[in-house]
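Student: For the sequence shown, this note's numbering begins at 180 and goes up steadily by one.
Dropping the structure in here first, questions after.
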Amino acid sequence: MSRDTYYVTTPIYYPSDKLHIGHAYTTVAADTIARYKKMRGFDTMFLTGSDEHGQKIERKAEAAGKETKEYVDQIVETFKELWDKLDIDYDYFIRTTEERHEKVVQKIFKKLYDKGDIYKGNYEGWYCTPCESFWAERQLEEENEEKVCPDCHRPVEWVEEQSYFFKMGKYADRLLEHIKSHPEFIEPESRRNEMVNFIENGLDDLSVSRTTFDWGIPVPIDEDHVIYVWIDALSNYITAIGYETDPENFEHYWPADLHLVGKDILRFHTVIWPIILMALDLELPDQVFGHGWLLSDTGKMSKSKGNVVDPVVLINDFGKDAIRYYLLREVAFGTDGTYSTEALIQRINSDLANDLGNLLNRTVSMVEQYFDSEIPEPSIKEAVDKELIDLADETKIVVEEQMEKLKYTVALEKIWNFVRRTNKYIDQTAPWVLAREEENRERLKTVLYNLLESLRIIAVMLKPFLTEAPYKMGEQLGQLEAIKNATWNDTEWGALKTGVKVYNGDPMFPRIDLEEYFEKVEARKKESTSEKKEKEGTDLELAEIKDRITFEEFMDTDIRVAEIIEAEKIEGSNKLLKLKVDIGLEKRQLVAGIAKHFSAEEVIGRKILIVANLEPATIFGVKSEGMILAATDPEENMVLSTVSADIANGSQVK
């Protein structure tokens, strides 16, 4: 690839529900590197989009009582609204339901089939619907005596169906050789080692078609099958830029410089995708970077866990720049990190309001006071000026180095080191002291020029990261058009226009009172809960009623009143409590998955209903002699089935 192009992609997101802050994390990172490369003069292509086929989507639409396309259209619109709110400046948003994409995917399937890399067979094995992944027995994990997906830890189901298979093993050695000879292909290094181990353990042929659902691209040689996610979704990276439809554009941008993905889908992008490309005789992308997860305090965010953070709420509360800054500054890109509203507010108050905001306000105020708001020409220089200028030059070089490594956190640390050093320069030079004597006026001009020039350079350096603050700074500095048109070369010292007026505007980042903010959040929750109760039962997507059973079958279930007399968390689990209950006839030990909703202390003394005649089971290494009854709604709210305190322990429910 020529040095004047740069092609970066995010994963295409699955429209089963609205996006959360983890999706925003990936996309802001991609947007930032794309903006940076554009400033460096690269012809940049930034791709994002939506992966719209599959059984999970089909089921979701059915549960919502909507046509599948109508359902995904509505969800995809929320994706675009979120990206607009975050100022994500993508060049193309691909949808896998586009006619162009679907036709090319069929061509790809046919090409691989004609080449002998795809064949028809029968699949028998385990399948995870949420992840849309097939698993061999040896790859599964077990939790609560149930086979679960090793990726998402949700139950898998056994499927038997006819399928077309892709010969993954045929290309395994070639892929291993590529990874070892191009270590930069998979970053960070820890993920590279994981993928090498995965490939060396042997690759099974990959099921690439399904017959158990209809919402997909038809297999061109067999109308009973639809093309499965791998060839469909992964191919978006080449169909979007013109593979098989616009050869000139495709050759201009391919191979991609960077696929940015979360570590949970790294295997698909570093094993399945490159093998598909090899089979198509196409070059591999230069790099796949698998960043870490942005966790909540209860683990990886997912709608099913009820622990997602809505980025729209955060943007409305704190502004897009604050969110973009926090995502890129708080966690080293490539490692896992925990989202915390307290940490977000701390970053806003300390870095954005205090360090940057105060620097701008103090500087502009002094220019207003001492030079009637007009930017002065620099004059007398001293050693302390050279230190500041040298640091500006050094900052530029280090930021360039770190951006090439996707080390956003380090790049921002370096910029903020310059921000803080510029604040220190004010204290060192004491402009208010210089202003007292007319003989110091020429020196004062230099000091204020240096402060304003430092702020201009900071604004230019922040353009890839923040989308509002650089222009607010430019406006107050009287340099708005210059900032708008600035390239990365404009981070060189000395480009500040003198003789123009500055003005002191509103604070870019008002300080936030932590206690007051959480009081507002609680009030909002109460209001939301109240509104929910008013329309309770009208909008919820409730689970379907299970198959009917006979009266005799029901009578075999022995439901008893039990009083919880002891409770404690099970070490190593964030959702299980070990309970000791009194059922009148005896005391028993139960394991209950309620720890995310109730503390051990608050359940002691409650009288609940349990199924008393279940066979004992070992859950998370702890024996459980029964099961409590509780209700959960689609929003993952939980209520225990309780009874009046005046009914005896062990009473039977009839």
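Each residue gets a CB set at the ideal place from its N, CA and C atoms; glycine is no exception.
Please read these numbers as outputs of a predicted model, since none were measured by experiment.
Can you round the beta-carbon distance between residue 676 and residue 655 to whole angstroms, since I take them to be within the 8 Å contact cut?
Tutor: 14 Å between Cβ atoms; not a contact.
Student: Taking Cβ to Cβ, would you say residue 218 is nearer than 8 Å to residue 642?
Tutor: For residue 218 and residue 642, yes; Cβs fall inside 8 Å.
Student: For residue 580, tell me which candidate among 194, 216, 395 has the shortest Cα-Cα distance.
Tutor: 216
Student: So, with DSSP's three-state summary, where would you put residue 470?
Tutor: Strand at residue 470.
Student: Closer than 7 Å by C-beta to residue 328: which residues in its own chain qualify, once you throw out the five before and the five after it? Chain order, please.
Tutor: 307, 310, 312, 314, 335
Student: Kindly give me the distance between the Cβ atoms of residue 260 and residue 394, rounded to whole angstroms, as I take these residues to be in contact under 8 Å.
Tutor: About 24 Å; that fails the 8 Å criterion.
Student: Since residue 516 contacts residue 509 with CB under 8 Å, what's their CB separation in whole angstroms?
Tutor: 6 Å
Student: Under 8 Å: do the stretch 227 to 242 and the stretch 288 to 303 share three or more Cβ pairs, one atom per stretch?
Tutor: With a cut-off of 8 Å, the stretch 288 to 303 and the stretch 227 to 242 do not count as touching, because too few Cβ pairs lie within range.
Student: State yes or no: is the C-beta of residue 637 within less than 8 Å of the C-beta of residue 594?
Tutor: yes
Student: For the alpha helix (DSSP H) containing residue 206, list its first residue and its last residue.
Tutor: Counting along the chain, the alpha helix (DSSP H) containing residue 206 begins and ends at 200 to 218.
Student: Can you give me the start and stop residues for the beta strand (DSSP E) that residue 190 sits inside?
Tutor: 184 to 192 is the extent of the beta strand (DSSP E) around residue 190.
Student: Please report the straight-line C-alpha distance between residue 830 and residue 326, rounded to a whole angstrom.
Tutor: 35 Å
Student: Provide the residue(s) that pair with residue 757 in DSSP beta bridges, ordered along the chain.
Tutor: 747, 770
Student: DSSP state of residue 411, grouped into three classes?
Tutor: Of the three classes helix, strand and coil, the one that applies to residue 411 here is helix, per DSSP.
Student: Can you tell me which of 736, 735, 784 puts its alpha carbon nearest to the alpha carbon of residue 746?
Tutor: 784
Student: Once you ignore the five residues that flank residue 247 on each side, which residues in its own chain have a CB closer than 7 Å to its CB?
Tutor: 236, 237, 240, 394
Student: Report, in whole angstroms, the separation of the C-beta atoms of residue 186 and residue 435, which I expect to be a contact under 8 Å.
Tutor: 4 Å
Student: In this structure, does DSSP put residue 401 in helix, strand or coil?
Tutor: strand
Student: Does DSSP classify residue 555 as helix, strand or coil?
Tutor: coil
Student: So, with DSSP's three-state summary, where would you put residue 426?
Tutor: helix
Student: Assuming residue 345 contacts residue 384 (C-beta within less than 8 Å), just tell me the rounded distance between them.
Tutor: 6 Å
Student: Can you tell me which of the three DSSP states residue 406 falls into?
Tutor: Of the three classes helix, strand and coil, the one that applies to residue 406 here is strand, per DSSP.
Student: Using beta-carbon positions only, say whether residue 555 and residue 628 come within less than 8 Å of one another.
Tutor: Their beta carbons are under 8 Å apart, which means residue 555 touches residue 628 by this criterion.
Student: Go ahead and label residue 898 buried or exposed: buried means 16 or more other beta carbons lie within 10 angstroms of its beta carbon, across all protein chains shown.
Tutor: Residue 898 is absent from the model: the chain starts at 180 and stops at 833.
Student: Give the range of the beta strand (DSSP E) segment to which residue 300 is assigned.
Tutor: 297 to 307
Student: Taking the beta carbon of residue 201 as the centre, do at least 16 other beta carbons fall within 10 Å, making it buried, or is it exposed?
Tutor: buried
Student: Do three or more CB pairs link the stretch 407 to 426 to the stretch 264 to 284 at distances below 8 Å?
Tutor: yes
Student: Is it buried or exposed for residue 735, if we count other Cβ within 10 angstroms and need 16 for buried?
Tutor: exposed
Student: Which residue marks the beginning of the alpha helix (DSSP H) containing residue 247, and which one marks its end?
Tutor: 247 to 264
Student: Can you say whether residue 381 is buried or exposed, counting buried as having 16 or more other CB atoms within 10 angstroms of its CB?
Tutor: The Cβ neighbour count for residue 381, taken over all protein chains shown within 10 Å, is under 16; the residue is labelled exposed.
Student: Rounded to the nearest angstrom, what separates residue 214 and residue 495 at their Cα positions?
Tutor: So the alpha carbons of these two residues sit roughly 23 Å apart.
Student: Specify, as a first and last residue, the run of the beta strand (DSSP E) that residue 657 falls within.
Tutor: Residue 657 -> no beta strand (DSSP E), and no H or E assigned at all.
Student: Does the distance from the CB of residue 599 to the CB of residue 457 come in under 8 Å?
Tutor: no
Student: Let me check one thing: in DSSP terms, what residues is residue 591 bridge-paired to?
Tutor: Beta-bridge pairing links residue 591 to no other residue.
Student: If you reduce the DSSP assignment to three classes, tell me which class residue 483 lands in.
Tutor: Any reading at residue 483 needs caution, since the residue's pLDDT is 48, under 50, leaving its predicted position unreliable; the model's value is listed next. If DSSP states are grouped into helix, strand and coil, residue 483 belongs with the helices.
Student: Kindly list the residues whose CB is nearer than 6 Å to the CB of residue 389, restricted to its own chain and excluding five residues on each side of it in sequence; keep chain order.
Tutor: Hits under 6 Å: 405, 407.
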